[in-house]
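Only one structure is covered here, and it is reproduced in the block below.
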Amino acid sequence: MTRLIIIRHAESAFNLENRIQGHTDSLLTPRGLRQARRLARRLKTVKIDKIYSSDLGRAFSTTLEILRYKKIPVVRDPRLREIGLGAWEGMTVEEVDRLYDNGYQKWLKKPSACPIPGCEKISHFRRRITERVRQIARANRGSTVAVVTHGGAVTALLSDWLGADFDHLLLNFRIDNTALTVVDETDKRVRLKTVNDTGHLTDKKGGGVGCEW
698 MTRLIIIRHA ESAFNLENRI QGHTDSLLTP RGLRQARRLA RRLKTVKIDK
748 IYSSDLGRAF STTLEILRYK KIPVVRDPRL REIGLGAWEG MTVEEVDRLY
798 DNGYQKWLKK PSACPIPGCE KISHFRRRIT ERVRQIARAN RGSTVAVVTH
848 GGAVTALLSD WLGADFDHLL LNFRIDNTAL TVVDETDKRV RLKTVNDTGH
898 LTDKKGGGVG CEW
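Using our numbering, the letters of the sequence shown map in sequence onto residues 698 to 910.
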């Protein structure tokens with residue numbers, strides 16, 4: 698069995714400004730840095746044998762905060778990136794609607810049917826993420842591994858594990874910054890332990906929230 702602790706990165710400047718990110722990077726905000734540090738304190742006493750991180754700065758900066766408390770191997774991996782969103786990257790949702798015929802409103806109805814110039818195909822994105830995480834699980838049997846990635850990537854994994862419609866989950870299921878999603882994976886099954894756990898952000902002391910997984 699491999700225990701996977703899947704983590705969405707902390708708040709970035711583009712998150713705060715409601716801009717489309719994809720493969721375009723932006724720095725963590727001061728709030729995001731506080732989130733990452735609370736996350737790191739939450740995980741300080743949790744057994745983690747290795748960390749895999751998206752190579753994008755907002756994810757790797759989150760990873761570096763975790764590594765303040767842990768001397769463990771880290772792999773920076775471009776295969777764990779968010780979906781590439783082509784021409785929309787860097788734009789606010791209002792700009793997308795103005796320049797692309799209410800494109801963002803169409804995305805909100807059915808993302809997989811919304812054409813975006815230069816966008817990575819959703820089918821390719823889902824396969825990229827799920828296959829890579831399966832590889833990570835197989836390579837780390839008997840271990841606990843953290844994977845620091847992105848909201849869309851977490852949604853792709855949940856869609857795969859639950860056999861659920863990706864569009865439906867993307868539009869209706871919230872994945873917060875620094876949220877923890879924990880699964881136990883074997884060759885035959887995946888058992889979901891927790892989803893979108895942000896207890897470390899609501900604890901006023903910034904840490905000390907118990908982990909029951």
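Here a beta-carbon is modelled for each residue, glycine too, at the ideal position from N, C-alpha and C. Keep in mind it's a predicted model, so treat the numbers as computed, not measured.
Ranked by how close their Cα comes to the Cα of Ala-710, the residues His-865, Arg-824, Leu-725, Cys-811 have Leu-725 in first place. Judged by their CB atoms, Asn-874 and His-720 are not nearer to each other than the 9 Å cut-off. Per DSSP, the beta bridge partners of Lys-747 are Val-842. Check the Cα spacing between Val-851 and each of Val-887, Gly-839, Gln-832, Leu-877: the tightest is with Leu-877.
When DSSP reads this structure, Leu-725 sits in a beta bridge with Ser-709.
Within the same chain, Gly-719, His-720, Glu-817 come within 6 Å of Gly-781 by CB-CB distance, once the 5 residues on both sides are set aside. Gln-732 and Arg-739 have their alpha carbons spaced roughly 10 Å apart.
Residue pairing for Leu-782: DSSP places it in a beta bridge opposite Cys-816.
The criterion of a C-beta distance shorter than 9 Å is satisfied by Ile-748 and Val-845. In the DSSP secondary-structure assignment, Glu-882 is bridged to Thr-699, Val-887. Judged by DSSP in its simplified three-state form, Arg-716 adopts strand.
Between Leu-868 and Pro-812, the CB-CB gap reaches or exceeds 9 Å. Val-842 sits close to Ile-702, with the two beta carbons spaced by under 9 Å. Bounds of the alpha helix (DSSP H) holding Asp-864 are 863-869. Here the C-alpha atom of Asn-837 lies approximately 34 Å from the C-alpha atom of Glu-786. According to the DSSP assignment, Asp-857 belongs to the alpha helix (DSSP H) that extends over 848-859.
Residue Leu-764 holds the alpha-carbon nearest to the alpha-carbon of Arg-734 among Leu-764, Met-788, Trp-858. Straight-line measurement puts the Cα of Phe-822 at about 16 Å from the Cα of Leu-753.
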